[in-house]
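Single-structure report; data block below.
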Amino acid sequence: MAFDRVPGILGARAAIKENKLAWAIITGNPTMSDSLALFHATHANLATGGGSVLAEAGLSAGRTAMRKQTDPDGTILNLVPKILIVPAALETTAYRNVVASVSPSSAAGVSPFQGLLEVIVEPILDADSALSWYLAADLGQIDMLEHAYLSGQSGPAVQTFYDAKFDGVLYRVLHDFGVAPIDFRGLFKSAGS
Numbered sequence: 386m387a388f389d390r391v392p393g394i395l396g397a398r399a400a401i402k403e404n405k406l407a408w409a410i411i412t413g414n415p416t417m418s419d420s421l422a423l424f425h426a427t428h429a430n431l432a433t434g435g436g437s438v439l440a441e442a443g444l445s446a447g448r449t450a451m452r453k454q455t456d457p458d459g460t461i462l463n464l465v466p467k468i469l470i471v472p473a474a475l476e477t478t479a480y481r482n483v484v485a486s487v488s489p490s491s492a493a494g495v496s497p498f499q500g501l502l503e504v505i506v507e508p509i510l511d512a513d514s515a516l517s518w519y520l521a522a523d524l525g526q527i528d529m530l531e532h533a534y535l536s537g538q539s540g541p542a543v544q545t546f547y548d549a550k551f552d553g554v555l556y557r558v559l560h561d562f563g564v565a566p567i568d569f570r571g572l573f574k575s576a577g578s
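Quick note, our numbering runs 385 ahead of the 1-based positions in the sequence shown.
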């Protein structure tokens, strides 16, 4: 029955909204508590220019920058990049350079990143840039973004009401959540140009 599908559709739309807001943090590059943008040269988590193209040299530079990140006391964190995030336009390039055992961009022909990075393709990123790509640390190493629900909810709540006045069914979705950046050190952006 068509009405049985409505709660599922509403829940799916809520998940899409959460996803859009999380990626808006990344592409919006908000100001952090130190008055600098999330991705900034001073944070050592932003690459621009020719070396930022998604290829072995760019990935290597990003990995090195993340490993050299320090905490406020100057202690080297040795953050390990685990996730490569790309727009849909770079999906094939990402898989060619990261997942494939043979890489055309590597002088030796063997990809030094095989098995080290998980590729996440996010088409929302294409609207911001079809060339920019990101690295993220292992989620267990450092907090990067906070995604939370109000009052301990675990997701959207869909309520169904029968309205005798209109002889119909009303649906209400309660969806209280937020997304905020926590720490710039676990993220790296490469402009890809």
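Beta carbons: idealized from backbone N, C-alpha and C, even for Gly.
Given the structure, does residue i come close to the ligand SAH, in the sense that its CB is under 6 angstroms from one of the ligand's heavy atoms?
| i | result |
| --- | --- |
| F573 | Among the ligands in the structure shown, none appear at all, so the ligand SAH cannot be discussed. |
Got a sec? Which residues, its chain only, sit under 6 angstroms from residue i by beta carbon, not counting five neighbours each side?
| i | result |
| --- | --- |
| T412 | D513 |
| D561 | L535 |
As a quick exercise: from the options, pick the residue whose alpha carbon is nearest that of residue i.
| i | options | result |
| --- | --- | --- |
| W452 | S578, T427 and G571 | This sequence places Arg at residue 452; Trp is not what is there. Measuring from the Cα of R452, the nearest candidate turns out to be G571. |
| L524 | E503, D389, G436 and Y480 | E503 |
| I509 | D389, I394, P392 and A409 | A409 |
Just confirm the distance between the C-beta atoms of residue i and residue j, as a whole number of angstroms; I'd bet it's less than 8 angstroms.
| i | j | result |
| --- | --- | --- |
| H532 | V483 | At roughly 25 angstroms, the Cβ-Cβ gap does not stay under 8 angstroms, so H532 and V483 are not in contact. |
| E476 | V506 | 5 angstroms |
Measuring CB to CB, does residue i end up less than 7 angstroms from residue j?
| i | j | result |
| --- | --- | --- |
| N414 | A422 | yes |
| P566 | L530 | yes |
| A397 | F573 | no |
| Y519 | I470 | yes |
| S578 | L516 | yes |
| G435 | S575 | no |
| L406 | V543 | no |
Less than 8 angstroms between C-beta atoms, sequence neighbours within five positions excluded: which residues of the same chain meet that for residue i?
| i | result |
| --- | --- |
| Q526 | L462, L464, V465 and G571 |
| D548 | V554 and L555 |
Leaving aside the five residues before and after residue i along the sequence, list all residues of the same chain whose C-beta is less than 7 angstroms from its C-beta, in chain order.
| i | result |
| --- | --- |
| Y480 | V504 |
| D568 | I527, D528 and M529 |
| H428 | L421 and F569 |
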